[in-house]
């Protein structure tokens with residue numbers, strides 16, 4: 047079908063063709079759609095927190111004693127819990143939060159092709175398997191339990207062939223994307239992880255691998271982290287943050303500065319990972335423009351300290367002096383960041399104390 051440059055774009059965006067898909071060549075449309083779908087993922091997370099925080103908090107607390115390994119890094123456990131709860135747990139009228147959000151939001155998605163993908167999101171899947179091949183930012187994963195091979199579109203090119211990966215998948219036309227974040231484990235974990243997961247599936251007496259994974263994803267993740275902890279060589283303990291997205295380079299630079307300061311302070315790597323995940327969550331919600339990463343590093347460290355995630359007791363003036371910023375600027379940023387992250391910080395604190 048030929049479309050005039052000044053005619054409405056057939057994708058449904060409401061823009062002229064020349065200012066929409068007409069200027070996007072070939073597979074570049076996938077990049078545009080991926081950005082729009084990632085924005086919808088962020089909206090879904092905000093929707094869950096706004097409308098279902100009570101149910102989520104109650105369930106989160108009830109499970110704290112169940113997952114001892116995941117609780118060693120409370121922020122990682124919290125994110126894993128949110129993925130599982132939002133995608134699988136009924137909250138009203140038998141609907142999951144994902145199903146409820148898609149039903150309410152779908153008609154307001156302007157681009158028709160994006161809306162068609164969005165409407166398939168309730169066909170969510172979970173995967174636990176090995177990356178068999180990677181081409182650009184699309185990689186193929188073979189699920190351990192079903193043997194199914196799935197194409198997964200990542201946010202960027204990832205050199206991660208033969209690692210073990212697990213997470214919740216949202217449909218993206220003929221492929222999938224991970225919801226929020228995936229968890230992947232180095233190649234030395236693969237053999238033991240595959241054997242362990244197959245035995246768990248057999249013991250459960252399930253016939254449907256997908257039903258098993260959706261229902262048991264948290265205990266599966268608990269077991270994988272336990273294997274990872276047993277097998278992990280000392281030389282390979284650096285966390286991988288490649289799947290975290292940053293809207294601005296300054297946000298990524300702040301994460302790097304935060305990691306450097308935490309390492310300088312001797313903070314254990316699991317706590318470092320929690321801190322970076324918290325910062326990424328703040329950036330997803332507020333998208334700050336940052337002129338001086340040191341101010342945010344100091345403010346984040348102050349919050350981590352006040353919520354028991356690090357053991358030091360620096361005053362704000364001491365932190366400001368160490369990082370070369372003013373105490374007033376530090377205090378201002380703390381007041382901006384804390385309300386946004388308060389619920390996550392409190393849940394993190396509770397899980398550390400239990």
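Residue numbers (my numbering): 47 to 400.
Note that beta-carbon positions come from the ideal geometry of N, C-alpha and C, so glycine has one too.
| query | Can you name the start and end residues of the beta strand (DSSP E) that residue 170 belongs to? | reply | Unbroken run through residue 170: none, as it is neither H nor E.
| Considering only residues of the same chain and omitting the five flanking positions on each side of residue 223, which have a CB-CB separation below 6 Å? | Around residue 223: 199 and 216.
| request: Alpha carbon to alpha carbon, how far is residue 158 from residue 75? Give it in angstroms, no decimals. | output: Spanning the two alpha carbons is a distance of roughly 12 Å.
| Does the Cβ of residue 339 have 16 or more other Cβ atoms within 10 Å, making it buried, or fewer, making it exposed? | Residue 339 is buried by the Cβ-count criterion.
| query | Quick one: what does DSSP say residue 227 is sitting in, helix, strand or coil? | reply | Secondary structure at residue 227: coil, using DSSP grouped into helix, strand and coil.
| task | Keeping to the same chain, check which residues put their C-beta closer than 6 Å to that of residue 238; ignore five residues upstream and five downstream. | result | Around residue 238: 273.
| message | Just verifying my parser: in three-state terms, what is the DSSP assignment at residue 280? | response | With a pLDDT of 42 at residue 280, under the threshold of 50, the predicted position of this residue should be treated as unreliable, though the coordinate-derived value follows. Judged by DSSP in its simplified three-state form, residue 280 adopts helix.
| Three-state secondary structure (DSSP) of residue 199 | Assigned with DSSP and collapsed to three states, residue 199 falls in strand.
| task | Scan the stretch 234 to 275 and note each continuous alpha helix (DSSP H) run of 4 residues or more that stays entirely inside, going in chain order. | result | Runs of the alpha helix (DSSP H) inside the stretch 234 to 275: 236 to 250.
| task | Consult DSSP for residue 78 and reduce its assignment to one of helix, strand or coil. | result | Here residue 78 sits in helix by DSSP.
| Collapsed DSSP secondary structure at residue 103 in the structure displayed | Residue state, collapsed to three classes: helix.
| query | Which same chain residues, not among the five before or five after residue 155, have their C-beta less than 7 Å away from its C-beta? | reply | So the qualifying residues of the chain are 161 and 164.
| message | When you compare the stretch 370 to 381 with the stretch 342 to 349, are there three or more beta-carbon pairs, one atom per stretch, that lie closer than 8 Å? | response | Here the stretch 370 to 381 makes contact with the stretch 342 to 349; the two share three or more CB pairs at distances below 8 Å.
| field | DSSP three-state assignment for residue 72, whether helix, strand or coil | value | Caution applies to residue 72, whose pLDDT of 47 falls short of 50 and renders its modelled position unreliable; the value that the coordinates give is listed next. Assigned with DSSP and collapsed to three states, residue 72 falls in coil, not helix or strand.
| query | Along the chain, where does the beta strand (DSSP E) that runs through residue 185 open and close? | reply | Secondary structure note for residue 185: its beta strand (DSSP E) is the uninterrupted segment 184 to 189.
| query | What residues are listed by DSSP as bridge partners for residue 334? | reply | Residue 334 has no beta-bridge partner at all, per DSSP.
| field | Exposure of residue 213, with buried meaning 16 or more beta-carbon neighbours within 10 Å | value | Classification of residue 213: buried, given that the 10 Å Cβ count is 16 or more.
| query | Taking buried to mean at least 16 other C-beta atoms within 10 Å of its own C-beta, is residue 337 buried or exposed? | reply | Taking all protein chains shown into account, residue 337 has fewer than 16 neighbouring C-beta atoms within 10 Å of its C-beta and is therefore exposed.
| field | Separation of residue 270 from residue 357, as counted between CA atoms | value | Just so you know, the alpha carbons of residue 357 and residue 270 end up roughly 28 Å apart.
| Counterpart residues of residue 210 in DSSP-defined beta bridges | Under DSSP, residue 210 takes part in a beta bridge, and its partners are 176 and 231.
| field | Short Cβ contact (8 Å threshold) for residue 264 with residue 174 | value | Taking 8 Å as the Cβ cut-off, residue 264 and residue 174 do not qualify as a contacting pair.
| On the premise that residue 324 lies in contact with residue 121, defined as a C-beta separation below 8 Å, what is that separation, rounded to the nearest angstrom? | Confirmed, about 6 Å.
| request: Go ahead and label residue 195 buried or exposed: buried means 16 or more other beta carbons lie within 10 angstroms of its beta carbon, across all protein chains shown. | output: Flag for residue 195 reads exposed.
| query | In or out: residue 392 buried (at least 16 other Cβ within 10 Å) or exposed? | reply | Counting every other CB atom within 10 Å of its CB across the protein chains shown gives residue 392 a total below 16, marking it as exposed.
| In chain order, what residues of the same chain lie with their CB nearer than 6 Å to the CB of residue 290, ignoring the 5 residues before and after it? | Correct list, in chain order: 326.
| message | Let's see if you can read the secondary structure: which residues bound the alpha helix (DSSP H) around residue 122? | response | The continuous alpha helix (DSSP H) containing residue 122 extends over residues 120 to 134.
| Looking at residue 210 and residue 231, is the spacing between their C-beta atoms short of 8 Å? | Pairing residue 231 with residue 210 gives a Cβ-Cβ distance under 8 Å.
| message | Pull the bridge partners of residue 216 from the DSSP assignment, please. | response | Bridge partners of residue 216: 223.
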